[in-house]
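Presented below is the structure to which this report refers.
In my numbering, the protein residues as written are -13 to 501.
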């Protein structure tokens, strides 16, 4: 993107719509909307959609159900019911009364296998389908949860001898049942399910004992799968919020501060594999890092809203594929995998470097499960912009959003200005970025400036300013920083929380101009 584009105000809702497009168009209509695994890139052009086999079914089908449900709720734009019918049928076909777990046939042997990695995906899908009124969800969720409960002891350790022998080989806790923590917490919050909460408690207890040191560092038992670790930490923070556990929230904050910078940059680039020191990141990881920061902000650590906004503005959103004008886009291609590919992948996410959409010249330019996780995070961001509390409506992320009788307009990153129209007559609290000096903040309710009233890092606009257009202005800090990322040094030019340029320059599909 050009510096001019990077400075333009962002419509978060439009970005979610683009993600929704990529998720729907990344389904194969010739196979009852089975997700394609990815879309490749070669010689400067898209090379078409690809299937992966069993993992399309056991991993991407539930990811599609979850993310499409999230996007539908955010945008209010319904997905064709036939899509959900097909996806739900594919999903419930994963379950078998013999083991009560989500599994499918091995591509080579034809034998059934179950991978505990996908408990998270299945829990998310079961929650989404339950909200859509599918009676099969309640049938299978009880059986899956009970099976997992029987395999975990009181410390949260899993006993594989209590599960069928065709459960796939176990490696590290976060990349197995540990990553399901965040999905279990979300399920418990929306349904009140006590068994989901019990499972979450046990998984969290095991993670705190084995995956992290008391001070918050990673242990070897945490493994090397960056996405699963970030998802686990997001789940720990969310569990602390759901249960009101201040000690757990503080422990999670220490983990976020100490463990996660080992493989996440300050602006949200997230290493795919901790045992491979290269610049291949994963937007999915970034999405869960963002959600962890958001939970810490909601828990009262307001500065983490600032971290979440920086992650969103300077990595998650720039890593979304927006410009597809130069890619081939043949609507008459004989094979569906080659038909209108450019239009269909617009809004996708994949494996970016800190400043490049592609980590290699021949790589996946769109990856379905990664797009799913990134869209999930964008929807959470949309829901977090404004929060209604008994005392005031709080603006925690500085993006434009309208509510009934309330309108918020943000001109970031070009200009530090938030404009509010408050016909509700309620109190408003607007978060001011940590880099904006208090002395430079101006509050203008109507045409008259008044000294701002601060509550932490939020400025108060009282309900007396009814039907008035109030304005908050603040200077936007410009800075140049250097950062070591995977043993490479990057120089970055900032405007507020927005990266404008970065060096060394990107090699393939730059997200930012060179500094």
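Using N, Cα and C, we set each Cβ at its ideal position, and we do this for glycine too.
Looking at the structure shown, is residue i part of a helix, part of a strand, or coil, going by DSSP?
i	result
residue 25	strand
residue 83	coil
residue 75	helix
residue 322	helix
residue 389	strand
residue 368	helix
residue 184	helix
residue 481	strand
residue 421	coil
residue 499	coil
residue 19	coil
residue 353	strand
residue 250	strand
residue 439	strand
residue 273	helix
residue 147	helix
residue 268	coil
residue 456	strand
residue 464	strand
residue 89	strand
residue 213	helix
residue 316	coil
residue 34	strand
residue 231	coil
residue 428	strand
residue 241	helix
Just tell me which of the options has its CA closest to the CA of residue i.
i	options	result
residue 485	500, 307, 145	500
residue 35	319, 219, 371, 228	319
residue 248	220, 216, 482, 230	216
residue 433	422, 458, 418	458
residue 240	254, 222, 228	222
residue 8	326, 338, 491	326
residue 409	386, 450, 418, 425	450
residue -6	23, 99, 385	385
residue 494	350, 270, 155	350
residue 149	6, 134, 162	134
residue 296	158, 276, 52, 288	276
residue 308	352, 274, 198	352
Kindly give me the distance between the Cβ atoms of residue i and residue j, rounded to whole angstroms, as I take these residues to be in contact under 8 angstroms.
i	j	result
residue 406	residue 393	7 angstroms
residue 259	residue 212	7 angstroms
residue 304	residue -13	7 angstroms
residue 281	residue 224	5 angstroms
residue 202	residue 243	7 angstroms
residue 418	residue 431	The Cβ separation is near 16 angstroms, so there is no contact.
residue 141	residue 191	7 angstroms
residue 126	residue 81	5 angstroms
Mark residue i as exposed unless 16 or more other C-beta atoms lie within 10 angstroms of its C-beta, in which case mark it buried.
i	result
residue 473	exposed
residue 380	buried
residue 132	exposed
residue 174	buried
residue 178	exposed
residue 111	buried
residue 263	exposed
residue 172	buried
residue 312	exposed
residue 362	buried
residue 93	exposed
residue 466	exposed
Do you know offhand how far residue i's Cα is from residue j's?
i	j	result
residue 102	residue 460	49 angstroms
residue 73	residue 429	50 angstroms
residue 78	residue 29	40 angstroms
residue 284	residue 360	20 angstroms
residue 219	residue 238	7 angstroms
residue 118	residue 107	17 angstroms
residue 245	residue 194	12 angstroms
residue 16	residue 321	10 angstroms
residue 96	residue 86	19 angstroms
residue 469	residue 331	31 angstroms
residue 65	residue 290	33 angstroms
residue 70	residue 116	12 angstroms
residue 478	residue 491	11 angstroms
residue 439	residue 130	51 angstroms
residue 267	residue 445	36 angstroms
residue 257	residue 455	44 angstroms
residue 254	residue 299	9 angstroms
residue 165	residue 13	25 angstroms
residue 20	residue 52	14 angstroms
residue 24	residue 161	21 angstroms
residue 136	residue 210	27 angstroms
Would you say the beta carbon of residue i comes nearer than 7 angstroms to a heavy atom of the ligand MN?
i	result
residue 190	Although the ligand MN was asked about, the structure shown includes no ligands whatsoever.
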